[in-house]
Amino acid sequence: MPRPKKHVLVCVQGRPAGHPRGSCQDKGCAATWQAFSDEFTARNLWNSGFQLTNTGCLGPCHLGPTVIVYPEGTMYVGVKPSDVGTIIDEDLMFDQPVERLKAPADVWA
Numbered sequence: 016m017p018r019p020k021k022h023v024l025v026c027v028q029g030r031p032a033g034h035p036r037g038s039c040q041d042k043g044c045a046a047t048w049q050a051f052s053d054e055f056t057a058r059n060l061w062n063s064g065f066q067l068t069n070t071g072c073l074g075p076c077h078l079g080p081t082v083i084v085y086p087e088g089t090m091y092v093g094v095k096p097s098d099v100g101t102i103i104d105e106d107l108m109f110d111q112p113v114e115r116l117k118a119p120a121d122v123w124a
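So the mapping is simple: this note's numbering equals the position in the sequence shown, first residue as 1, plus 15.
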């Protein structure tokens with residue numbers, strides 16, 4: 016398999032109710048994951064050198080849903096389905112991180 020142009024990881028971690036860390040699942044990650052999947056299909060990104068993977072915990076559960084875009088390693092937090100098109104348009108297509116969604120420096124250096 017060739018190396019992808021960009022690889023998007025979307026946290027879909029769930030934890031039991033009352034868990035002290037919470038989870039991206041409690042913050043709507045399923046809808047965010049579905050939005051990425053739908054956009055990848057609609058834009059034919061699967062066949063254009065991009066990859067999308069759902070993952071377990073990426074770290075800042077209290078700020079989820081969390082998304083990381085590699086190879087740059089840009090972490091986005093609080094990603095809503097309405098943000099997915101912007102991440103694709105700006106980061107995946109033009110290598111411009113979406114500043115308003117980037118994780119704070121104390122979370123992800």
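All C-beta atoms in this analysis are idealised placements derived from N, C-alpha and C, irrespective of residue type, glycine included.
Note that the structure is predicted; figures quoted are calculated from it, not measured.
Which residues in the same chain as Asp85 place their Cβ atom closer than 6 Å to its Cβ, once the five residues preceding and following it in sequence are excluded? Reading the sequence shown from its first residue, position 70 is the one you call residue 85. For clarity, residue 85 is Tyr in the given sequence; the question names Asp instead. Exclusion of the five residues before and after Tyr85 leaves His22 as the residues of its chain whose Cβ lies within less than 6 Å of its Cβ.
What do you reckon, are the CB atoms on Leu107 and Thr70 nearer than 7 Å? Along the sequence shown, read from residue 1 onward, the residue named residue 107 stands at position 92. Along the sequence shown, read from residue 1 onward, the residue named residue 70 stands at position 55. No. Outside cutoff.
Have a look at Met90 and Thr81 and give me their C-alpha separation to the nearest angstrom. Counting from one through the sequence shown, the residue named residue 90 turns up at place 75. Counting from one through the sequence shown, the residue named residue 81 turns up at place 66. Distance between Met90 and Thr81, taken at the CA atoms: about 7 Å.
Under the three-state DSSP convention, the category Asn69 falls into: Against the sequence shown, residue 69 aligns to sequence position 54. Of the three classes helix, strand and coil, the one that applies to Asn69 here is strand, per DSSP.
Considering only residues of the same chain and omitting the five flanking positions on each side of Phe65, which have a CB-CB separation below 8 Å? Taking the sequence shown and counting its residues from 1, one reaches residue 65 at position 50. Result list for Phe65: Pro19, Lys20, Lys21, His22, Val23, Phe55 and Leu107, in chain order.
Where Gln28 falls, given that 16 or more other Cβ within 10 Å makes a residue buried: Counting from one through the sequence shown, the residue named residue 28 turns up at place 13. Looking at its Cβ environment, which holds 16 or more other Cβ atoms inside 10 Å, Gln28 is buried.
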